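One structure is given here, and the rest of the page talks about it.
Protein chains: 2
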Amino acid sequence: MRTFNLSDYLLQYLDKASATPRNRQLYRLMRQAILDRVLPADTRLPSSRDLASELSISRNTVLYAYEQLLAEGYVEARAGSGTYVADTVPDSVHLPVATTQRSPAVAETVQLSQRGHRLVAQAGASTQQWGAFVAGVPDVTQFPHKIWNALQSKVWRKPPIAALTYGHGGGYQPLREVVAEYLKVSRSVDCEAGQVVITNGIHQSIDLCLRLLSDPGDVAWVEDPCYWGARNLLSASGVTIRPIRVDAEGICPDEADLAAVPRFIFVTPSHQYPLGMVMSLARRRSLLEYARRHGCWIIEDDYDSEFRYSGRPLASLQGMDSGERVLYMGTFSKTMFPGLRLGYLVLPQALSKPFVTGMEELHRSGQAPLQATMAEFMGQGHFNSHIRRMRLLYGARLEILQQAIDEHFDGSAVHAVGSDAGLHLALRLPAHCDDKSQWK
Amino acid sequence: MRTFNLSDYLLQYLDKASATPRNRQLYRLMRQAILDRVLPADTRLPSSRDLASELSISRNTVLYAYEQLLAEGYVEARAGSGTYVADTVPDSVHLPVATTQRSPAVAETVQLSQRGHRLVAQAGASTQQWGAFVAGVPDVTQFPHKIWNALQSKVWRKPPIAALTYGHGGGYQPLREVVAEYLKVSRSVDCEAGQVVITNGIHQSIDLCLRLLSDPGDVAWVEDPCYWGARNLLSASGVTIRPIRVDAEGICPDEADLAAVPRFIFVTPSHQYPLGMVMSLARRRSLLEYARRHGCWIIEDDYDSEFRYSGRPLASLQGMDSGERVLYMGTFSKTMFPGLRLGYLVLPQALSKPFVTGMEELHRSGQAPLQATMAEFMGQGHFNSHIRRMRLLYGARLEILQQAIDEHFDGSAVHAVGSDAGLHLALRLPAHCDDKSQWK
Chain A
1 MRTFNLSDYL LQYLDKASAT PRNRQLYRLM RQAILDRVLP ADTRLPSSRD
51 LASELSISRN TVLYAYEQLL AEGYVEARAG SGTYVADTVP DSVHLPVATT
101 QRSPAVAETV QLSQRGHRLV AQAGASTQQW GAFVAGVPDV TQFPHKIWNA
151 LQSKVWRKPP IAALTYGHGG GYQPLREVVA EYLKVSRSVD CEAGQVVITN
201 GIHQSIDLCL RLLSDPGDVA WVEDPCYWGA RNLLSASGVT IRPIRVDAEG
251 ICPDEADLAA VPRFIFVTPS HQYPLGMVMS LARRRSLLEY ARRHGCWIIE
301 DDYDSEFRYS GRPLASLQGM DSGERVLYMG TFSKTMFPGL RLGYLVLPQA
351 LSKPFVTGME ELHRSGQAPL QATMAEFMGQ GHFNSHIRRM RLLYGARLEI
401 LQQAIDEHFD GSAVHAVGSD AGLHLALRLP AHCDDKSQWK
Chain B
441 MRTFNLSDYL LQYLDKASAT PRNRQLYRLM RQAILDRVLP ADTRLPSSRD
491 LASELSISRN TVLYAYEQLL AEGYVEARAG SGTYVADTVP DSVHLPVATT
541 QRSPAVAETV QLSQRGHRLV AQAGASTQQW GAFVAGVPDV TQFPHKIWNA
591 LQSKVWRKPP IAALTYGHGG GYQPLREVVA EYLKVSRSVD CEAGQVVITN
641 GIHQSIDLCL RLLSDPGDVA WVEDPCYWGA RNLLSASGVT IRPIRVDAEG
691 ICPDEADLAA VPRFIFVTPS HQYPLGMVMS LARRRSLLEY ARRHGCWIIE
741 DDYDSEFRYS GRPLASLQGM DSGERVLYMG TFSKTMFPGL RLGYLVLPQA
791 LSKPFVTGME ELHRSGQAPL QATMAEFMGQ GHFNSHIRRM RLLYGARLEI
841 LQQAIDEHFD GSAVHAVGSD AGLHLALRLP AHCDDKSQWK
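So the protein sequences, as listed, match chains A and B.
Numbering follows my numbering, with no gaps: position 9 of the first sequence is 9.
Numbering follows my numbering, with no gaps: position 396 of the second sequence is 836.
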């Protein structure tokens, strides 16, 4: 005798037009009925032959569903008497059993943690990552993807075992070496390959620094205005942000700022983000000496200094730092393309080992074929020639943009700043001009 | 008149055999001398012609160095009277200037933060990621890299712009779709593409959950024994770990455990790590009901359930969860290869949007060409056939290993557990046997 009209229930919900195979559908429907206690424990199921005939489907379909339910413990076979819904509440452990009705508070609200809420509430990443007036995005249509494809294919032709398993040690060694060499020559960064950790980009580099060097409540100076990403990562890590005014020479702490020693100083010395000025040498020396005396960490975000259109690029702050208080970071997002997701972090000697370990624990490493391709791309000179080519192109475009600004705006009221370098420039608007209402 | 014998100093350190060009060397030596105050402010530099002749090098070499120093503000040209070392301490800001001697405490000890120290001190990732008896690593020599290379080359032949710029939204959409479909069919996961977030693997997935849903001091149940990575990520996030005994049916909380409601329950229901048992249906239901009643989050780590050698794979815990308390995670590290660094996180509907945002803020997204290749690999059926092939291969190897264990050990004293599934098995040793002293 059956206590529940199983075949009616199944006929009602089996969808013959569905892409899901009939046997999977059957299994799921019966499982749901058991979970919902529509089919209570100890219910005897019809024989597979009977059920198949009632549903006008093949017996194998039913057998599949029964076997799956059996294997998962939803039903049990009793010798000589058929298949029964299992009693799935264990005797050994008396876990409290909830009523079937859920608390509306649980079901209807999203319960992020406090730090999770901060991370999401202050999110700055735009959903638009391509097109006119999107700052910080290179012209990826110019990327020599044929060269890249050829190098990558070559790497993949005979990938060594080590390239396919987990990595360890801060990135693919030949890439660390070629990055160290590049940074020495072009950015006067003072480093060896062992100090370079390959990351997914600036955000991951900042996050890694905060995971290893910060505790909640620590204070960080940021430039005012500063990069939204740095601000949000700091805040999500529980670090207290102190915005510091910038002037034409860069970050410019006053007496009160200096009196409250921070643990971190976030700066963009080569090309202030977003205003574009270069930090003066005097300011650099003062900052280094302050950090050295007080044991602060300076985080140098050197995100787009490769594109300098007038004057020579200034050497990195890191290269001036005999005291080893500077953590230097850069990205291939601007020089190559953002979707690559590769960047680098250069650490003081004493921090290299713990950072490599931290990276491994937080994210594991790998991606050796990608990093090998990047190492080849740099080693064969394609990286430098791409940068040279793009510098000319962006320089020419900048000139056109500047001319248009000069032509269409009143130069005494509206002028561009930060046009010496980088992938964007900033317009200073007159005081009466609302910078938000013009835009959607 | 010159106050310092510059040319002697330079002759001493200029290295004619070095790969670094002479002009760069000259620039760096002079910069260092200025930074070290060996060349103090207001020192007049020799003319480029004089210095070149004293060093027996070309005048252009000297000019390059001077111009670089000039551009960076280390020296300044005074009209009509030559080039002088600049006074680099600014008047406008009186930053405290440290003595040149550094505090030994700063220079010689590594100052990690408390959470950074925890992360590094408890590190579990082995430097050996390949070879016999390395658990959790697939046989990457069997990966069909020719097929992969061909698919990847095709993706790169004409990459769309969106593939090269920053991504947004939880991963490359076609990959999210094919992963959702795969998980529905093969793991009975109840999800749509919008609930799938592509990550770099299990570690990043766990970390993302903790960044969004935990605050320091929250409590998490973990299985005892459990996966080292989960334990360390929890601890590094400031979450308090409560180890819960496992028995033959999986996690087995006692009355005291149940009384102290945790925020998280970390489990490996399909194949307990490392012991290998499957969580019973009864235990699953109890756990879900407990989580639902108390608003706990269950993190289901389904890391290698694809490789089941006997019986059918059990459906995922997530698929039983109408209460939406389960966050499901899996990885391509075992089914493809670890160096790929791709995994997936399946979220309750209400959490999808904040998690996508959180991922974007913490790591930015991209890697569309890689994810597109993966989507093609799955869409064309290569993924499923690779799993089938590897399941047979691993099954055969497991049999050989079991036979060897049976042959060489006394079965009453030493026996293997967890041999139904996965990439490893565990040996239970007799009580008198030291499990560490035998190994280096």
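Glycine is no exception: its CB is placed at the ideal position from the N, C-alpha and C atoms.
Since we're looking at a predicted model, the values are computed, not measured.
- Under the 7 Å criterion on CB atoms, Q402 of chain A is classed as non-interfacial with respect to chain B.
- In terms of CA proximity to M359 of chain A, A:G167 leads the group A:G167, A:H145, A:H432.
- For L233 of chain A, the closest alpha carbon among the candidates B:A526, B:Q452, B:V502, B:H803 is that of B:H803.
- If you look at Y730 of chain B, you'll find it in the alpha helix (DSSP H) that goes 721–734.
- With at least 16 other beta carbons inside 10 angstroms of its own, D302 of chain A counts as buried.
- Closer than 7 Å to the CB of A473 of chain B there is not a single CB belonging to chain A.
- A52 of chain A is outside the set of residues whose beta carbon lies under 7 Å from a beta carbon in chain B.
- If you check the CB distance, V502 of chain B and S521 of chain B do not come in under 7 Å.
- Nearest CB-CB separation between H855 of chain B and chain A: not below the 7 Å threshold.
- By the neighbour-count criterion, in which 16 or more other beta carbons inside 10 Å mark a residue as buried, G73 of chain A falls on the buried side.
- Contact between the region 581–590 of chain B and the region 719–735 of chain B is not established, with fewer than three Cβ pairs separated by less than 8 Å.
- Per DSSP, P683 of chain B is one residue of the beta strand (DSSP E) stretching across 680–687.
- Non-local C-beta neighbours of V140 of chain A in its own chain, meaning closer than 7 Å and more than five positions away in sequence, comprise F337, ordered along the chain.
- Counting along the chain, the unbroken beta strand (DSSP E) around R428 of chain A starts and ends at 426–428.
- Each residue's CA atom was taken as its position, placing I202 of chain A and A696 of chain B some 45 Å apart.
- Annotation: P262 of chain A to L715 of chain B spans about 47 Å, alpha carbon to alpha carbon.
- Judged by DSSP in its simplified three-state form, V261 of chain A adopts coil rather than helix or strand.
- Residue-level contact check: I738 of chain B does not touch chain A, since none of the beta carbons of chain A fall below 7 Å from its beta carbon.
- Excluding sequence positions up to five before and after L648 of chain B, its CB lies within less than 8 Å of the CB of V637, T639, L785, F795, G798, M799, L802, all in the same chain and listed in chain order.
- Chain B places no beta carbon closer than 7 Å to that of Y13 of chain A, leaving this residue out of the contacts.
- Rounded to whole angstroms, the gap between the alpha carbons of L810 of chain B and Q592 of chain B is 7 Å.
- For T373 of chain A, the uninterrupted alpha helix (DSSP H) run begins and ends at 368–379, by DSSP.
- By a beta-carbon distance limit of 8 Å, S645 of chain B contacts G783 of chain B. Their separation comes to about 6 Å.
- Contact between W661 of chain B and R682 of chain B holds, since their C-beta atoms are separated by about 5 Å, short of 8 Å.
- Counting other Cβ atoms within 10 Å of its Cβ, C666 of chain B reaches 16 or more and is therefore classed as buried.
- In terms of Cβ geometry, G339 of chain A and A603 of chain B form a close pair [threshold 7 Å].
- Below the 9 Å Cβ cutoff, chain B contributes no neighbours of A426 of chain A, its closest Cβ being approximately 20 Å away.
- If you compare the alpha carbons of A:L212, A:S58, A:R388, A:S126 with that of A561 of chain B, the shortest gap goes to A:L212.
- Looking only at B:R733, B:M719, B:V707, B:T771, the smallest Cα-Cα distance to E740 of chain B is reached by B:V707.
- Interface residue (Cβ-Cβ distance to chain B less than 7 Å): H363 of chain A is classified as such.
- In this structure, A:V178 is the residue among A:S237, A:V178, A:A291, A:L14 with its C-alpha nearest to the C-alpha of A375 of chain A.
- Taking the CA atoms as reference points, S333 of chain A sits about 13 Å from H386 of chain A.
- For A519 of chain B, no CB of chain A lies under 7 Å from its own CB, so it is not counted at the interface with that chain.
- If you draw a straight line from the Cα of L698 of chain B to the Cα of R828 of chain B, it is about 40 Å long.
- A distance below 7 Å between beta-carbons, with the five flanking residues on each side excluded, links M378 of chain A to the following residues of its chain, in chain order: V178, Y182.
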